[in-house]
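For the record, in the sequence shown the residue sitting at position 28 is 51 according to the working numbering, with numbers rising by one throughout.
Glycine included, every Cβ here is placed at the ideal spot set by N, Cα and C.
Since the structure is predicted, the reported quantities are computational estimates derived from the model, not experimental observations.
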Amino acid sequence: MKDKNLVGIGGGLLTAISVFLPALSVMGMKTNFMESNSGVAYFFIVCGLIVAAVSFLGKKWLNILSILIGLMIALLAIKYQGDTKSSGGEVGIGLWVMLLGGVASLAGGVMGIIKKKPVA
């Protein structure tokens, strides 16, 4: 697994898993993205799986896609956290895991681009 980017793979999997965790709590009721009818959960699952697949392939030009998707995931997680706090709710572990997954996906993409050549 020398060409595999474990940080990117982990970030993608964290993003996909985060939709099943409690994302927010309002008046004591916890909810996750899977309980929403808007399809947001499937969007994040697909994004996470794309990042994991791209990181597994280890192609430098695909890492740009991983960076863009990771940035989008992280920014959306921050936006959802702000929306939750402004509406009087509490941020759940799902949004924090999503943010961590987005940052790890971003870092994995950067690591894939600046990967050092092995010294012979």
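Cβ neighbours of Pro45 within its own chain (closer than 8 Å, five residues either side excluded): Lys53, Thr54, Asn55, Gly115, Ile116, Gly117. Per DSSP, the continuous beta strand (DSSP E) segment holding Lys53 begins and ends at 52-54.
Residues Val42, Phe56, Met57 of the same chain have their beta carbon placed closer than 6 Å to that of Ala64, with the five preceding and five following residues left out of the count. In the three-state reduction of the DSSP assignment, Val42 falls in the coil class, being assigned neither a helical nor a strand state. Residue pairing by DSSP puts Glu113 in a beta bridge opposite Ser48. Here Leu98 is exposed, its C-beta having fewer than 16 other C-beta atoms within 10 Å. Ranked by how close their Cα comes to the Cα of Gly33, the residues Lys138, Ile136, Gly135, Gly131 have Gly131 in first place. Taking 8 Å as the cut-off, the beta carbon of Gly93 is found closer than this to the beta carbon of Val74.
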